[in-house]
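Remember, our numbering sits 396 above the position in the sequence shown when you count from 1.
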Amino acid sequence: MGLQAKGRPLPWPEAKNYFGHIRERGLTQLLNIWDKHKNRRDDRFLWGEEIECMLIAFDDKNRNAKLALDQDEVLPELESYVDVHGGESRTVPSFQPEYGRHQIESTPGSPYSGSLSDLAQVEENMRERRDLIRQHTATKNIHHIPSTVATYPRMGVSTDFTDPVQKPTAHDRSIFFPETGLTSMHPRYLSIADGIKSRRGGPPCVNIPIFRDFNTARPFEDPIPHSNYRGRSPIALGPRSLMGQLMELAHSSPSTLLERTEALPDHIFLDAVGFGPSSCSLQVTMQATDIGQARVLYDALVPIAPIMLALSAASPIFKGYLADVDSRWDVLGLTCDDRTPGERGEEALKAGERLLPDSRWFPVKWYLSPEEQEFNDEAVPYDEQVQKRLVDAGMDEYLARHFASMYVRDPLVVFEDWLQRGDATSNEHFECIQSTVWQTLRFKPPPPGVNIGWRVELRTMEVQLTDFENAAFAVFVALLSRAMLKYGVRWGLPMSKNTENMSRAQKRDTVREQKFWFSCGVPQGGGIEEMALDEIVNGKSPYFEGLIGLIHKYLESLPEEEHSAPDRQTIEKYLELIKRKANGSIKTTATWIRDFVRSHPEYKHDSVVTQTINYDLLKAVDEM
């Protein structure tokens, strides 16, 4: 979830005093990076992927599968293993904490090249990382395992869902989610949660439409499991509806009631930051030859981001209920929304505020290259003074606008020991801003002190259940990026249409039910039209070859010496999976999970995912 800094984070009331300091220092650091690396050339195409997994505790006797809060114990063991066996070997990976104490992120030990032989090794690398996590988790408890499910199905249910048991506290300001007990002990993550809640004036309020099955209650009202107010216990409150119980709590805290009454009928209600970032994703980062190529790649990937979200959709269950969506993207956006009521347009703006149309977690709204400016048709708030300083330093106005748009946000985390570090050898204040603006793509400048160039990160994909699938998606993105760069692809999609595509990508059964705005690309002059995922990925005869057709053209252009038959066969298997995901002959992960639940003998067609269904689902995933 971004910069992995260490140190003592300042409490929010104290941190606010340093926002101006961090903005100024962060801008200075960005200018230093720009000055040093703006003319950097001839970097190799390198890429890598990040997989987030969650740890599951199986209780076979009671047929229960809980979240295993093992990060604090397992991660140091993995880090020790890397210290002993590490080096430049790609087979000795890297492991990092993620937002939840049930999560671990892994990356390859060194980046992949663009060669077919490297592409063919991705799955094995992922499998080795999973095996290492499994081995070190089993030493703590043989019944605890890693799993690459995107969203834990019963996060926030009224019964115990963590091992060890954690309950919400008054500090959490949530009636469902034990933020303090479940969030990673890494100082960054609790500070992010506190910063979001403090800045917006209360916990987030998220309403996800319920999936209406034959026996789903009409209207469906999400029950409140317990209360932390006035010391009342779950038993004292009983099983009444959410709205009725909230009315009973009205006199305990008017502001709390106001927040809670944003719950809607026929929706699943979430009220904590952790409901979003405690889920898992698959991300791919690519290094370009220089800053110009990185900008071109970023722009080419803008319309690809929602397509990859739709193909990788894997989140049909929230808080023990089937939802009428297949993806977690909007949940992430809403749970990480730190905007004040004025910035959200719900109240009059206060001094120093401006209207912000989006959360911190949102689709990109700005193309970076001069050639794409005609397609920037959405208003993007930005800091005018930041843009001016960047332009005065020699940055063109389009790239300057991108960075200046991040400076309308406050920092979420302030580490005390950062405040005195020199700007010439540090990027921490800049990353304090950049790494807490979570968009569909991230444009990444070179960090100080290491030989790394300008990079682009694709951030929309949901993690898949198997290493084969995750490798297929990662390799597909890497190959598509290479092909788009080789052939100079410009899609020519207005940014407003891309925003609409992001919304469509999350809908239930989007592969079969939705179409997406797309084009054959500017050089072909094809214009914009609505296409099915099958047409975008596999082609639309006679005038559009599709994304896989573009990749095949690139593969055929490679020198003979790069065409190892076994490597090409492996890659073709990955492309076949993406092809069939797009045409619907292989289900998306979200559809597979939904169908598993609906065909389970205990399921009552009431949208409820019971403890037993959850156990059987996660067991089936582990046995894949």
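Beta carbons are placed, not taken as given, at the ideal position from N, Cα and C, and that holds for glycine.
Please classify residue i: does DSSP put it in a helix, a strand, or coil?
i: leucine 693; result: helix
i: isoleucine 418; result: helix
i: arginine 596; result: helix
i: glutamate 896; result: helix
i: methionine 891; result: helix
i: isoleucine 500; result: strand
i: histidine 532; result: helix
i: leucine 666; result: strand
i: tyrosine 585; result: helix
i: serine 981; result: coil
i: tyrosine 477; result: helix
i: proline 542; result: strand
i: proline 472; result: helix
i: phenylalanine 811; result: strand
i: glutamate 998; result: coil
i: phenylalanine 573; result: coil
i: leucine 954; result: coil
i: tyrosine 763; result: coil
i: lysine 432; result: helix
i: threonine 966; result: helix
i: lysine 746; result: coil
i: asparagine 772; result: coil
i: phenylalanine 671; result: helix
Among the options, which has the Cα closest to the Cα of residue i?
i: leucine 693; options: Gln467, Val885, His1001 and Thr424; result: Val885
i: glutamate 972; options: Phe864, Ser801 and Lys746; result: Phe864
i: proline 605; options: Leu728, Pro737, Ala659 and Pro807; result: Ala659
i: arginine 525; options: Leu512, Lys536, Phe607 and Ile541; result: Ile541
i: arginine 419; options: Leu697, Leu808 and Gln562; result: Leu808
i: asparagine 521; options: Leu512, Asn435, Val810 and Tyr508; result: Tyr508
i: leucine 728; options: Arg608, Leu745, Phe758 and Asp590; result: Phe758
i: tyrosine 763; options: Ala978, Thr985 and Trp887; result: Trp887
i: proline 407; options: Val810, Gly741 and Arg421; result: Val810
i: arginine 908; options: Met551, Thr987, Pro504 and Arg964; result: Thr987
i: leucine 515; options: Gln965, Phe992, Thr984 and Ile982; result: Gln965
i: leucine 697; options: Pro955, Ser765 and Asp439; result: Ser765
i: aspartate 1002; options: Glu617, Asn897 and Phe573; result: Glu617
i: serine 502; options: Gly444, Glu768 and Val480; result: Gly444
i: alanine 874; options: Arg523, Tyr970, Glu827 and Ser594; result: Tyr970
i: tryptophan 850; options: Asn413, Asn435 and Phe940; result: Asn435
Considering only residues of the same chain and omitting the five flanking positions on each side of residue i, which have a CB-CB separation below 6 Å?
i: methionine 639; result: With a pLDDT of 44 at methionine 639, under the threshold of 50, the predicted position of this residue should be treated as unreliable, though the coordinate-derived value follows. Nothing meets the Cβ criterion.
i: serine 570; result: Pro564, Pro599, Asp667 and Ala668
i: lysine 432; result: none
i: alanine 789; result: Leu427
i: isoleucine 429; result: Pro841
Would you kindly report the start and end of the unbroken beta strand (DSSP E) that includes residue i?
i: valine 993; result: Segment 985 to 994 is the alpha helix (DSSP H) holding valine 993; no beta strand (DSSP E) there.
i: arginine 851; result: 851 to 854
i: phenylalanine 491; result: 490 to 493
i: threonine 681; result: 678 to 683
i: phenylalanine 454; result: 442 to 455
i: phenylalanine 912; result: 911 to 915
i: phenylalanine 607; result: Premise fails: phenylalanine 607 is in no beta strand (DSSP E) and is neither H nor E.
i: alanine 928; result: 924 to 928
i: leucine 463; result: 460 to 464
Once you ignore the five residues that flank residue i on each side, which residues in its own chain have a CB closer than 8 Å to its CB?
i: glycine 923; result: Ser915 and Cys916
i: proline 615; result: Pro661 and Asp662
i: histidine 539; result: Ala453, Phe454, Asp455 and Asp456
i: serine 511; result: Glu958
Just to confirm my understanding: we take residue i, look at its own chain, exclude 5 residues before and 5 after, and list those with CB closer than 7 Å. What are they?
i: glutamate 519; result: Asp863, Phe864 and Ala867
i: valine 787; result: Glu793 and Ala796
i: threonine 1006; result: Glu998
i: lysine 536; result: Asp466, Glu469 and Val470
i: leucine 837; result: Tyr694, Leu697, Val698, Ala701, Val760, Val852, Glu853, Leu854 and Arg855
How is the alpha helix (DSSP H) around residue i delimited, first residue to last?
i: histidine 798; result: 793 to 802
i: alanine 868; result: 863 to 883
i: alanine 1016; result: 1007 to 1018
i: phenylalanine 839; result: Unbroken run through phenylalanine 839 is the beta strand (DSSP E), 837 to 840; no alpha helix (DSSP H).
i: methionine 704; result: 700 to 708
i: glutamine 783; result: 780 to 788
i: isoleucine 620; result: No alpha helix (DSSP H) contains isoleucine 620, which DSSP labels as neither H nor E.
i: glutamate 739; result: Counting along the chain, glutamate 739 falls outside any alpha helix (DSSP H), and DSSP gives it neither H nor E.
Does the pairing of the stretch 713 to 722 with the stretch 869 to 882 give three or more beta-carbon distances under 8 Å?
In short, these stretches do not touch, since the Cβ pair count stays below three.
Does the stretch 540 to 552 come close enough to the stretch 672 to 682 to have 3 or more Cβ pairs within less than 8 Å?
Yes, since at least three Cβ pairs between the stretch 540 to 552 and the stretch 672 to 682 fall closer than 8 Å, the two stretches touch.
Taking three-plus beta-carbon pairs below 8 Å as touching, is the stretch 495 to 507 in contact with the stretch 442 to 459?
Enough Cβ pairs lie closer than 8 Å, so yes.
For the pair the stretch 772 to 782 and the stretch 798 to 812, tell me if three or more CB-CB distances fall below 8 Å.
Under the 8 Å Cβ criterion, the stretch 772 to 782 counts as touching the stretch 798 to 812, having at least three qualifying pairs.
Count the CB pairs spanning the stretch 406 to 422 and the stretch 808 to 817 that are closer than 8 Å, and state whether there are at least three.
Cβ pair count under 8 Å is three or more, so yes.
Taking 8 Å as the threshold, find out whether the stretch 697 to 714 comes into contact with the stretch 896 to 903 through three or more Cβ pairs.
With a cut-off of 8 Å on Cβ pairs, the stretch 697 to 714 is in contact with the stretch 896 to 903, counting three or more such pairs.
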